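S.K.:
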Amino acid sequence: SVRKSDDLYLLSGVDQLWKLVLFTIEQIMCHQKEIIRNETEVSCIALRKEIGKSEMENDWLKSKIKSAEDRYTEEKINLNRTIDRLRQDKSRIEQSFRETVEELDYLTRHDGLNGLDELMGDFEQ
296 SVRKSDDLYL
306 LSGVDQLWKL
316 VLFTIEQIMC
326 HQKEIIRNET
336 EVSCIALRKE
346 IGKSEMENDW
356 LKSKIKSAED
366 RYTEEKINLN
376 RTIDRLRQDK
386 SRIEQSFRET
396 VEELDYLTRH
406 DGLNGLDELM
416 GDFEQ
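Take 296 as the starting number for the sequence shown in the numbering used here and just add one per residue.
#1: Using only the alpha-carbon positions, how far apart do Glu398 and Gln383 sit?
#2: Please report how far the alpha carbon of Asn353 lies from the alpha carbon of Leu381, in whole angstroms.
#3: Near Gly347, which residues of its chain fall below 7 Å by C-beta distance, leaving aside the five closest residues on each side in sequence?
#4: Taking 7 Å as the limit between beta carbons, can you name the residues of its chain near Asp302, skipping five residues before and five after?
Listed below in structure tokens is the structure:
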């Protein structure tokens with residue numbers, strides 16, 4: 296009977312020791328979880344900052360691209376206007392040249408020459 300009570304006492308001590316080991320392991324795990332949670336939180340904050348920085352850079356690049364596209368469009372419009380003006384100038388110059396040739400032909404016919412053909416023949420000689 297004494298042996299049984301010693302065994303029970305020993306089992307009770309082992310049980311208490313086991314409970315203490317489990318409690319200690321649980322506390323260590325909780326502490327580790329807290330450390331990991333804090334490290335994760337710090338990492339998340341750093342990532343959010345990097346994402347924000349990247350988004351700002353992305354927005355800046357988008358605005359630069361938009362600005363370049365706007366300048367390209369404006370230059371294209373200006374170039375098309377210049378081309379139109381040059382075409383109009385060319386048409387006016389051609390029309391003016393035709394009128395001048397017709398007027399010279401008319402004047403040379405009334406000056407006793409046979410028109411511009413005869414006048415040009417005189418210049419070539």
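Don't be surprised by glycine CBs; every beta carbon is placed ideally from N, CA and C.
Note that the structure is predicted; figures quoted are calculated from it, not measured.
M.R.: So, from the listed chains and residues:
#1: If you take the alpha carbons of Glu398 and Gln383, they lie about 22 Å apart.
#2: Rounded to the nearest whole angstrom, the CA to CA distance from Asn353 to Leu381 is 41 Å.
#3: No residues qualify anywhere along the chain.
#4: Result list for Asp302: empty, nothing under 7 Å.
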